[in-house]
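Asker:
In my numbering, the protein residues as written are 45 to 243.
Structure (structure tokens):
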């Protein structure tokens, strides 16, 4: 089976965003991480991670409480942040290339509580007048829901523990770590599913 057949022509791209708050219409995108997945012998595995640090959009707010949770220092000279529009364009280019290489039709946001990440990406795209968003406009693959079915828990750290995946609380809430651990959980659930194409 090819990867494009496994998910009906959609390419799962695991995503985590760190933000300045919970309101996608008011709070800034601060960090985006994506994990591209590989496929071999009908098994899914995390392949490549890409991360972007963002300069908060001038019209958006950043709550101090969010910075405490994420540990992001907006004034860190080593942060190498770029504009929101530039980061989204770069991210979407990487995703479009992966979709093409996998012979898929489009990408689908795969994330823990995925509608949160999807909403921030979509709102950011609209704010920057980006027309070529490679992701499905409303569907997501939500690993919180998958984990509830597969291991009986929705919290990421507990779901990973039940799936036999080590979870490092000290690294949680960075986009890179959260995307990579979510990718590990997603691949574990997919590979254990026993799915076969109907004859």
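The beta carbon of each residue, even a glycine, is placed where N, CA and C say it ideally should be.
Specify, as a first and last residue, the run of the beta strand (DSSP E) that residue 149 falls within.
Answerer: Unbroken run through residue 149: none, as it is neither H nor E.
Asker: By DSSP's criteria, residue 54 is part of a beta bridge. Which residues make up the other side?
Answerer: Looking at the DSSP assignment, residue 54 forms a beta bridge with 150.
Asker: Mind checking which residues open and close the alpha helix (DSSP H) that includes residue 82?
Answerer: No alpha helix (DSSP H) contains residue 82, which is instead part of the beta strand (DSSP E) from 73-84.
Asker: Touch check for the region 202-209 and the region 124-134: three-plus C-beta pairs under 8 angstroms?
Answerer: Taking 8 angstroms as the limit for Cβ pairs, the verdict is that the region 124-134 does not touch the region 202-209.
Asker: Beta-carbon within less than 7 angstroms of residue 68's beta-carbon, same chain only, minus the 5 sequence neighbours each way: which residues are those?
Answerer: For residue 68, where only same-chain residues beyond five positions count, the Cβ hits under 7 angstroms are 163, 164, 167.
Asker: With DSSP as the reference, identify every bridge partner of residue 61, one or two as the case may be.
Answerer: Looking at the DSSP assignment, residue 61 forms a beta bridge with 76.
Asker: Are the beta-carbon atoms belonging to residue 217 and residue 82 less than 8 angstroms from one another?
Answerer: No, the pair does not count as a contact, with Cβ atoms beyond the cut-off.
Asker: Please list, in chain order, all residues of the same chain as residue 192 whose beta carbon is under 6 angstroms from its beta carbon, the five residues on each side excluded.
Answerer: Within the same chain, residue 192 has close Cβ partners 198.
Asker: In its own chain, which residues sit with a C-beta less than 8 angstroms from the C-beta of residue 159, not counting the 5 before and 5 after it?
Answerer: Cβ within range, chain order: 184, 186.
Asker: Considering only the alpha carbon of each residue, which of 170, 202, 178, 157 lies closest to residue 189?
Answerer: Taking only the C-alpha atoms, the option nearest residue 189 is 157.
Asker: Residue 241 by DSSP, collapsed to three states: which one?
Answerer: Here residue 241 sits in coil by DSSP.
Asker: Which value, in whole angstroms, describes the spacing of the CA atoms of residue 103 and residue 80?
Answerer: The straight-line gap from Cα to Cα measures roughly 31 angstroms.
Asker: If we require 4 or more residues per run, which alpha helix (DSSP H) segments fall completely within the region 107-183?
Answerer: For the region 107-183, whole alpha helix (DSSP H) runs of length 4 or above, ordered along the chain, are 108-114, 128-145, 158-171.
Asker: My understanding is that residue 48 touches residue 146, with C-beta atoms under 8 angstroms, so please give their C-beta distance in whole angstroms.
Answerer: Confirmed, Cβ separation roughly 6 angstroms.
Asker: Go ahead and pull the three-state DSSP assignment for residue 253.
Answerer: Here the chain covers residues 45 to 243 and nothing more, so residue 253 does not appear.
Asker: Cutting at 7 angstroms between CB atoms, please list the residues of its own chain near residue 172, excluding the five before and the five after it.
Answerer: Excluding residues within five positions, the ones whose Cβ falls inside 7 angstroms are 128, 129, 132.
Asker: Give the secondary structure of residue 198 by DSSP, where H, G and I count as helix, E and B as strand, and everything else as coil.
Answerer: DSSP places residue 198 in coil when its eight states are reduced to three.
Asker: Would the beta-carbon of residue 219 fall within 8 angstroms of that of residue 77?
Answerer: It is a contact, given that the beta carbons lie within the stated cut-off.
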